[in-house]
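Letter by letter, the sequence shown follows residues 0 to 666 in numbering that gives the first Met the number 0.
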Amino acid sequence: MELTPGDFVVHVNYGIGVFLGIERISAASNERDYITLEYADGEKLFIPIEQVNLIQRYIGQEGKKPGLDSLGGKGWAKRKEKAKKAVEELAQGLLELYSRRKSEPGFAFGADTDWQSEFEAAFPYQETEDQLRCIEEVKHDMEAPIPMDRLVCGDVGYGKTEIALRAAFKSVMNGKQVALLAPTTILVEQHFETFRDRFARFPVKIAMLSRFRSPKEISASIGAIAGGDVDIAIGTHRLIQKDVKFRNLGLLVVDEEQRFGVKHKERLKQIKTSVDCLTLTATPIPRTLNMSLMKVRDMSILNTAPQNRLPIETFVMEWSEDMVARAIRQEIERGGQVYYLHNRVETIQETFIFLQTLVPEVSIAVGHGQMEDDELEEVMRSFVHGECQMLLSTTIIENGLDIPNVNTIIIDRADMLGVSQLYQLRGRVGRAGVPAFAYLFYPDRRALSEIAMKRLRIISDHTELGSGFKIALKDLEIRGAGNILGREQHGYILSVGYDLYLKMLDEAVAALSREKRDEAPEVFLDLDYSGFIPEAYIPDAMEKMEVYKKIASVTTDEELDRVYKEVEDRFGPIPDEVQSVLALAEIRILCRKLFITSIKEEKGTLRVEFSRLSRVSVERVVRMVREGGGRVALDPKMPNFLLLKTGAIGLREKSEFLKDRLALLVS
C-alpha cells in the first residue's frame, strides 16, 4: 500500500479520512510512530503504527473526491451495514443461480477429434500459458453433462477470440450449432471475418445477422439457421429475437454481455439454462475479486500478454504542431493508421479542419458519442476497413475494436484525462507485433496541476507490458467490479471503498457456501513499548510506510523471516528500534496460532483474550498456570482471559516472555 499525504484512506472502524503522514509521539518514556488521519471538520485521529493493517487506500471513482466521515458519527456504520446487507443478498443470488445451473441437464460434448487438433495447429501464434489453461477449462466444462457458464476475462489482444474459436469448432464437430452475440455491428463484422478465415479449410457454414445485410439475406439466413444448414451464426441482439430459431444450438458465445440491455439479458438467461455459454469480456478482473467470485461463478483470467506484444513507446510533451505532423506522417508512411484523440465534442470540428490543414494528404474520419448509432458505426466500419487513415475521436475508442493496423495514438490535452483512461487509450495500439507509439500532449506555456503532472509521469514511467495493472487500474477495478456485479453494487463499492467491499463479499460467499474457514481473527495489540523506524535508517516516507505495512501483514514465521532478510538486505543492520517493531509481528503470529484476539497491557500485566478457548486444551492451561511461578493466572471473572505478569520490560523481552509461556499451548 503506497500512501502519500493527501491520499484518501478507509479505516475499518472510522470510515473515510485523509492520510496526513506518520508522526512520532513520545509519551510516558515510550517513543512510537503513529499514522495521522484527518476526518470531517478537521478532526484528527492517531493510529498506532502496528494497526496499519486496519487502514486501506480508498479506491473510488477517479477524479471524484469522497466525503469525509465524522469521528463519533453514525454515517460510516450505517453505510457499512447497508453495504454488508447488499453484499449478502448478492452472494445469496449468485449462489442460488450457480446451484440451480449445476442441477440442470446439459449436453456432454465428446473428446477432441483429429480435426480439432488440425484446427488448433493452424493458429498462427504461440499460445500463452493463460490461453492454454483457459482452453482446457472451457473444454472440460463442455465435456461435462451440465450446461457450461464460463466467463473469460482478458485485455484486448490477449487471445479471448481464439478460445471462442476452439470452443465453437468443438461444438460443430459434435453436430451442434453455435451462436456468437456481440453488442455492435462492427464487432459482429470483425468476428465474422475472423471466423470465416479460421474455418476456411473446413466444411463449416457461417452466417452473419447484422444491419449490413439486406432483409432478403437476413431472411435467408434465419431460414438456414432453423433448418440446421448454418453451423455458426454471428450477430447483434438480432440473433436472439424470437423469430430466430436454432435447430440444434449447443454453444452460445457472448462478447461483452454488460453492454446489452435488460431485455436482452433476460433472453440470454433463458437460453443459458439449456446450452453451454461462454462469455468474453475485456473488463479487468482483479485477482481479489476473482478469488471471491470463483466460488460462485466459473471464471478464466487472461493476464499474460502474447509473445508478439511489444511495449508501447510513450512520449509525454508540450503541444507541438511539428511533432503532431511528424508522428502522423511517420505512421502513414509505414502503411499504418492513427488514432487522434480530442475529447471535446464542441470543438472536434475545429480540430478536424486544423488536422486537414496540417496533414492535407491524410484522409480523416470523425467519430464521437453524440453521433447517431448508424452514422458512428459507418465511420468505424470505414476506419476498420482502411478506407481512411486517421480517426479523430473522443474517448469512445477507450473500449474499442482490435485493429492491428493502428499503431500510433495521439492524445490532445492528455492532462485532462485520468491515469486509468490514459492506460486504456494507450492500450488501443501495439497489438500487431510492430513498434507502437503513444504521444501524450499537454498545453505549452501553461502550468499543469500537480495531480495532472503526477498522472502523466506515471504513464510515461510505466511502459512495460502488464504494468498498467499495477499503476492505473484502481479505477478500472471499480469499473470492472461494477460491470461484473451490476450498477447497484458499484454504488456500494464507492460508499465503503473497494478493498473493504471485497473483504465483505469474500466473507459473505464463504458463510453462505458453508465454506470451512479456519482463519484467525484480527489481533488487537495495546502494549507499552518504544519502537519505530528512524529517519536515519529509512529516510523515504513512502518506503517507510511500505515496510510498516509488510511487517503488519506478516502471518507466519516464514513470512517474518523473509521480511527480516529483505529489510536487512535493503537498509543494512537492523537497529533496536526496528527490532521492537518486528517483535510485534512475532507476537501477532503467536496470537494467530492460538486464536488470541487481543493483548492489552496495564501496569506490567498482559491481559490475553482468547476467541476460541476450545483450540487450547484445559490441561495445558492449568499446567502453564501451575508452572508459571506466580506470573500466570486465569482471570476469575472472565474464563477466556489469561493474566501474564511481566513487569516493566522492553517489547523484545515481552515477545520472548510470551513465546516462552504461550509455547506450552501451541499444539
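A virtual CB, placed ideally from N, CA and C, is assigned to each residue, including glycine.
Whether residue i touches residue j by CB criterion (9 Å)
| i | j | result |
| --- | --- | --- |
| residue 204 | residue 229 | yes |
| residue 405 | residue 336 | yes |
| residue 38 | residue 47 | no |
| residue 181 | residue 250 | no |
| residue 160 | residue 401 | yes |
| residue 354 | residue 391 | yes |
| residue 660 | residue 622 | no |
| residue 641 | residue 49 | no |
| residue 53 | residue 576 | no |
| residue 155 | residue 334 | no |
| residue 408 | residue 383 | no |
| residue 40 | residue 148 | no |
| residue 201 | residue 318 | no |
Residue i versus the options, residue with shortest Cα-Cα distance
| i | options | result |
| --- | --- | --- |
| residue 197 | 162, 366, 118 | 118 |
| residue 192 | 542, 206, 202 | 206 |
| residue 109 | 141, 90, 131, 494 | 141 |
| residue 322 | 50, 52, 522, 436 | 436 |
| residue 255 | 233, 150, 297, 156 | 150 |
| residue 571 | 146, 172, 591, 533 | 533 |
| residue 299 | 143, 162, 401 | 162 |
| residue 88 | 654, 491, 498 | 491 |
| residue 233 | 208, 246, 249, 224 | 208 |
| residue 395 | 415, 424, 18, 401 | 424 |
| residue 523 | 7, 2, 12 | 12 |
| residue 247 | 505, 224, 543, 235 | 224 |
| residue 72 | 86, 14, 85, 25 | 14 |
| residue 529 | 194, 369, 136, 648 | 648 |
| residue 556 | 581, 184, 505 | 581 |
| residue 329 | 586, 389, 608 | 389 |
| residue 338 | 578, 319, 364 | 364 |
| residue 236 | 412, 653, 259 | 259 |
| residue 176 | 184, 183, 600, 166 | 166 |
| residue 136 | 626, 297, 653, 574 | 297 |
| residue 411 | 267, 350, 69 | 350 |
| residue 608 | 152, 500, 598 | 598 |
| residue 595 | 610, 601, 606, 585 | 610 |
Counterpart residues of residue i in DSSP-defined beta bridges
| i | result |
| --- | --- |
| residue 298 | 150 |
| residue 10 | 14, 54 |
| residue 424 | Paired residue(s): none; residue 424 is not in a bridge. |
| residue 29 | 26 |
| residue 38 | Residue 38 is not bridged to any residue. |
| residue 43 | 37 |
| residue 640 | 608 |
| residue 84 | DSSP output for residue 84 lists no bridge partner at all. |
| residue 646 | According to DSSP, residue 646 bridges with nothing at all. |
| residue 97 | Answer is none; residue 97 lacks a bridge partner. |
| residue 207 | 233 |
| residue 363 | 389 |
| residue 316 | 440 |
| residue 311 | 435 |
| residue 600 | 605 |
8 Å contact criterion, which residue i and residue j should meet: CB distance rounded
| i | j | result |
| --- | --- | --- |
| residue 553 | residue 588 | 7 Å |
| residue 169 | residue 125 | Not confirmed; about 21 Å, so no contact. |
| residue 158 | residue 189 | 15 Å between Cβ atoms; not a contact. |
| residue 547 | residue 51 | 5 Å |
| residue 144 | residue 273 | About 13 Å; that fails the 8 Å criterion. |
| residue 543 | residue 21 | 7 Å |
With 16 other Cβ atoms within 10 Å as the buried cut-off, status of residue i
| i | result |
| --- | --- |
| residue 635 | exposed |
| residue 92 | exposed |
| residue 271 | buried |
| residue 76 | exposed |
| residue 494 | buried |
| residue 29 | exposed |
| residue 123 | exposed |
| residue 213 | exposed |
| residue 469 | With a pLDDT of only 46 at residue 469, under the threshold of 50, the placement of this residue in the model should not be trusted, and no figure is reported. |
| residue 305 | buried |
| residue 662 | exposed |
| residue 90 | buried |
| residue 444 | exposed |
| residue 564 | exposed |
| residue 23 | exposed |
| residue 498 | buried |
| residue 281 | buried |
Minimum Cβ-Cβ distance from residue i to chain C less than 9 Å
| i | result |
| --- | --- |
| residue 560 | In the displayed structure, chain C is absent; only one protein chain is listed. |
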